[in-house]
Amino acid sequence: MRLLLAICAVGLAIPLGAQSPKDDSAIRGIIENETATWNRGDAVGYSRDFATTGTFTNIRGQFFDGYDAFLKQHQAIFAGIFRNTNLSQDIVSLRFVRPDVAVVETLTTVHGAGQPPPGVATDDQGRFHTRLLQVVARDKGVWKIVSYHNTDIKPGTPVPPAR
21 MRLLLAICAV GLAIPLGAQS PKDDSAIRGI IENETATWNR GDAVGYSRDF ATTGTFTNIR
81 GQFFDGYDAF LKQHQAIFAG IFRNTNLSQD IVSLRFVRPD VAVVETLTTV HGAGQPPPGV
141 ATDDQGRFHT RLLQVVARDK GVWKIVSYHN TDIKPGTPVP PAR
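So the mapping is simple: my numbering equals the position in the sequence shown, first residue as 1, plus 20.
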């Protein structure tokens, strides 16, 4: 689908619904890659779609800036607390806010951790759940994660089904 335009009263062109099935598929591919590479403990693969200047806030509220910090943090957790864990993700929302920027939110489940991060509760099956919000931007035809913000879901918080 090509960029659709609306002409407002003052004659300015405003992009509407400019995403294409190819863009949607590329972003869903990022989520699929995250899941597959997490489950292999592959920090390099997991970081593949993270922008050089991206920002990252983890479930403990720690903030990291840039690709190198994102990669280093995932190398550490895959070698430590999240070694041999399993991740699943369900897309809750994928919205294009501009033709070259989208926001994707997933519900995640991690199981197999010997002990969850401090302050993170597990369910009766030893899993913990998070809401992962990622902002992705297309630059020179390639979608990259420019912001990654993960927060755990506290016990008693209703979780809507994935759609």
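The beta-carbon is built from N, C-alpha and C at its ideal position, and this holds for glycine as well. Just so we're clear, the structure is a prediction, and the values are computed from it rather than from any experiment.
- With contacts defined as CB atoms closer than 7 Å, S167 and V179 fail to qualify as a contacting pair.
- The residue from P138, F116, S108 and T142 with its alpha-carbon nearest to that of T129 is S108.
- By alpha-carbon distance to V121, the top candidate from G86, R147, V162 and T177 is V162.
- The criterion of a C-beta distance shorter than 7 Å is not satisfied by Y87 and F102.
- Excluding five sequence positions before and after R147, the CB atoms of its chain that fall closer than 7 Å to its own CB belong to T129, V130 and H131, given in chain order.
- Our two residues, D85 and V117, have alpha carbons roughly 23 Å apart in a direct line.
- N104 and G61 do touch by the CB rule: their CB atoms are close to 7 Å apart, below 8 Å.
- Under the three-state reduction of DSSP, Q93 is assigned to helix.
- For S113, the enclosing beta strand (DSSP E) stretches over residues N106 to R118.
- Per the C-alpha coordinates, the member of E125, I47, I97 and K92 positioned closest to N59 is I97.
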